[in-house]
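Chains as they are written, first to last, in my numbering: chain Y, 4 to 338; chain S, 572 to 873.
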C-alpha cells in the first residue's frame, strides 16, 4: 500500500511543476504589455514604466521569474491582482466557498436523482422506463448548459416569477460571512426569510450545474448495475428467495457503487468547467465568474493564479479518488 | 466428400457479409443510432447547401421587422418563419448558415485532435520508457485543467477568433486520443502477429502505422464521434462567452450571446439557436453510441 501511495505521489509532483510552468507561461505570452494594461488609459511615463517593470520583476530573465513564481506558489503567494491590488490567494479563498456551495448542492442533486434513475433503468432493462430514462439522460448529456440556463430563466424567472435571476441572496439581507456558505450563514443570521432567499437564488444555478453530472451518473450507474446483475452471486441471492428490493438495492447496488463513486469523484473537473458558464450567466460570485471577468480585464496575476489553483484542486481530488480506490480495491494497487 | 465441404466452404466465403456490411447490420439494430445518422445527414446537407436553402443572407437587416415573433405567434409572418432578431435579421437564415460553422468546427477539431493524438500515442507506445513517461506526464498536465477553462485561457492568449477557438479545443481534446492510442498499442504490441511482422523484417514505421494502427482504430473512431459533439458544444460555449466566433458571425453560441439581453422579451431569439445546438449534439451522440455498440463488442452496452 505504501508503495502504491508513493508511486501515485511521484507522478503528482512533476505534474504539479508542469501545471505551474504552464500557468506561468500563459501570462508571458498573452498579448499586450501587462504594465501598459495596468496603467490604464492614462498611460505611463517611460521612467515609471521601468520602475514598475523592475518592481514586478519583468526585467529579470525568464527562468529567474519562474523560480521566484514557483517558490512563491509553494508559500501561498500568487501575486496581487492588477485591478484590486489584493493578493490573488486571498481573493481566491474569499470566492471559493460560493463555488463550493454551488458544486456541492449540484453534486447532491445529481447523485440523488442519477443513482435511482440508473438503478431503475437497469432493473427494467429494455422496457419503457429504461428507454425513457436513458433518452432523458442522453438529452441531458448533450445539453448546452448555457442555453439550458437561459431557458430556465425564461420559464421560472420570467414567466412564473418564482426565482431571482442573479446573485446569491436578496439585497434586503445583510450578514457577516461565518462559513462562506450562504445556506448556513443565512440560517445562522436568524433573519426571517434569509434562508428562503438563499435557497431561491441557489436553485436554478445548481440545477443547471447538476445536469451533465446527473446524466453521466445515471448512465454509469445503469451500466455498472447491468454488469453486476449478471454475476453468479446475484443469482444465488435470488435463488435464496431474497426480495427483489433486497437483491437489487443491497447486493447489486453496493458492488455497482465502486465505478459510480469514481465517476462522481472525477466529475470535479466537469463541475468547475460548468461553473464557469453557470456563474457567468447567474452572476454567481464564485471563482468561475472571477476567472472570466479577469480574462476580459486582462488581470494577468489572477488568470495565472486562478488557473493554477483550479488545476491543483482537480489534481488533489483525482489523487484522493485514486488512493481511495486503491484502498477499496486491492487489484488496482498491483498495476 | 472433400469436394462437397470445399464447395460449401467456398460458398460461405462468397456469402460471408463484408466487414462494412457486418458493421452496418449491427449499427442498424440500434434505432436511436439510425435516427441520429439521418439527423446528422440532414445537418450536413443544410451546412453544405446553406446559401441555396436560406431565404435571406445571414447579415441582411430588415429595419422594419425588428424582433418579429415566429409565424405561429401573433404578429408573425411567413416572410420570417422563425422571427427576426434585435437588428431585424432573419433567424432561420442565420441558423441555416450557423450549421456551416458548427460542422466546420467539428470536422477541423476532430481531424486535428485525432491526427495529433494518434501520432503522439503511437510514438509513446513504441518509444523507450523515458520518452513514453515524458509524453504521458505532459498529457496529465493538460488533463489537469478543466477543458473549457484551458480552452478559454488559450483563446485569450491567441486572440478571440473562431479559428483560435478550434485550435484551443483540439489541443484540449488531444490527450484523450494519446491515452487511447497508447493503451491499444500496448495491448497489441505483444501479440503474435506483431512479432511475426517484426521477424519478417518490418521497419518501425511500418509496424506502427500499417501493422498495429488498424487494429487500434475501433475505440478511436468511437471517441472521434463523441469529440465531434464536444467540439460543437465547447465552440458554442466559447462563442457564448465572447471568446469564439465574433458577432455578427451567425455561429450558434455567438447568436445566443447576442440574444442574452432579450431573454425575457423575445424567447425565440434565445430558444432556436439552443435547439439547433442540442439537436445536432444529440444526433451525433446517438450515432456515437451506435458506433460503439457496432464497432467494439467489448464496450457493448449489453
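A virtual CB, placed ideally from N, CA and C, is assigned to each residue, including glycine.
Using Cβ-Cβ distances below 8 Å, what residues of the region 93-117 of chain Y are close to chain B?
-> The question asks about chain B, but that chain is absent: this structure's protein chains are Y and S.
Just confirm the distance between the C-beta atoms of residue 29 of chain Y and residue 274 of chain Y, as a whole number of angstroms; I'd bet it's less than 8 Å.
-> Not a contact, Cβ separation roughly 22 Å.
Please specify which runs of the alpha helix (DSSP H), each continuous and at least 4 residues long, are wholly inside the region 733-769 of chain S, giving them in chain order.
-> 733-760
Kindly indicate which three-state DSSP category residue 655 of chain S falls into: helix, strand or coil?
-> strand
Which value, in whole angstroms, describes the spacing of the CA atoms of residue 606 of chain S and residue 705 of chain S?
-> Cα-Cα distance, rounded: 43 Å.
So, helix, strand or coil for residue 119 of chain Y, using DSSP?
-> helix
Are any of the Cβ atoms in chain Y nearer than 8 Å to that of residue 572 of chain S?
-> Unreliable positioning characterises residue 572 of chain S in this predicted model, as indicated by a pLDDT of 41, which lies under 50. The coordinate reading is nonetheless provided below. So, not an interface residue.
Cβ of residue 667 of chain S within 8 Å of any chain Y Cβ = no
Could you spell out the range, first to last residue, of the alpha helix (DSSP H) harbouring residue 634 of chain S?
-> From DSSP, residue 634 of chain S is part of no alpha helix (DSSP H); its letter is neither H nor E.
Anyone know if the C-beta pair for residue 812 of chain S and residue 702 of chain S falls short of 8 Å?
-> Contact: no.
Quick one: Cα of residue 802 of chain S to Cα of residue 48 of chain Y, how far?
-> 45 Å
Taking just the CA atoms, how far does residue 615 of chain S sit from residue 673 of chain S?
-> Those two C-alpha atoms are separated by around 10 Å.
Can you grab the Cα-Cα spacing for the pair residue 638 of chain S / residue 149 of chain Y, in whole Å?
-> For residue 638 of chain S and residue 149 of chain Y, the distance between alpha carbons rounds to 22 Å.
What does DSSP give as the partner residues of residue 90 of chain Y in its beta bridges?
-> BP columns for residue 90 of chain Y point to Y:83.
Beta-carbon contacts of residue 839 of chain S that lie in its chain and below 7 Å, excluding the five residues immediately before and after = 640, 641, 653, 654, 662
Closer than 8 Å by beta-carbon distance: list the chain S residues that pair up with residue 18 of chain Y, in chain order.
-> 708, 711, 712, 715
On the DSSP bridge assignment, give the partners of residue 661 of chain S in chain order.
-> S:655
Thinking residue 733 of chain S and residue 822 of chain S are a contact (beta carbons under 8 Å), I'd like their distance in whole angstroms, please.
-> 7 Å
Keeping to the same chain, check which residues put their C-beta closer than 7 Å to that of residue 757 of chain S; ignore five residues upstream and five downstream.
-> 696
Determine, using beta carbons only, whether residue 735 of chain S comes closer than 8 Å to chain Y.
-> no
Can you tell me the Cβ-Cβ gap for residue 203 of chain Y and residue 109 of chain Y, rounded? I've got them flagged as a contact below 8 Å.
-> Their Cβ separation, rounded to whole angstroms, is 16 Å, which puts residue 203 of chain Y and residue 109 of chain Y out of contact at 8 Å.
Minimum Cβ-Cβ distance from residue 687 of chain S to chain Y less than 8 Å | no
Residues that residue 718 of chain S contacts on chain Y, provided the C-beta gap is smaller than 8 Å = 272, 276
Same chain only: Cβ atoms within 6 Å of residue 22 of chain Y, ignoring 5 sequence neighbours per side | 314
Would DSSP call residue 643 of chain S helix, strand or coil?
-> Residue 643 of chain S: coil per DSSP, three-state reduction.
Where residue 301 of chain Y falls: helix, strand or coil (DSSP) | coil
Between the region 150-162 of chain Y and chain S, which residues of the former have a C-beta closer than 8 Å to a C-beta of the latter?
-> 150, 151, 153, 154, 156, 157, 160, 161
Give the range of the alpha helix (DSSP H) segment to which residue 132 of chain Y is assigned.
-> Per DSSP, residue 132 of chain Y belongs to the alpha helix (DSSP H) from 131-144.
Count the other CB atoms, across all protein chains shown, that sit within 10 Å of the CB of residue 860 of chain S; report buried if there are 16 or more and exposed otherwise.
-> buried
Secondary structure of residue 601 of chain S, DSSP reduced to three states | coil
Have a look at residue 866 of chain S and residue 170 of chain Y and give me their C-alpha separation to the nearest angstrom.
-> The alpha-carbon of residue 866 of chain S is positioned some 47 Å away from that of residue 170 of chain Y.
Measuring alpha carbon to alpha carbon, tell me which of Y:122, Y:330, Y:295, Y:218 ends up nearest residue 256 of chain Y.
-> Y:122
Endpoints, the alpha helix (DSSP H) within which residue 708 of chain S is located = Where residue 708 of chain S is concerned, the enclosing alpha helix (DSSP H) starts and stops at 700-715.
Listed by chain order, chain S residues near residue 12 of chain Y by CB distance under 7 Å | Near residue 12 of chain Y there are no residues of chain S at all, since even the closest Cβ is about 13 Å away, more than 7 Å.
Is the distance from the Cβ of residue 320 of chain Y to the Cβ of residue 268 of chain Y below 8 Å?
-> Yes.
Chain Y beta carbons: is any one of them nearer than 8 Å to that of residue 738 of chain S?
-> no
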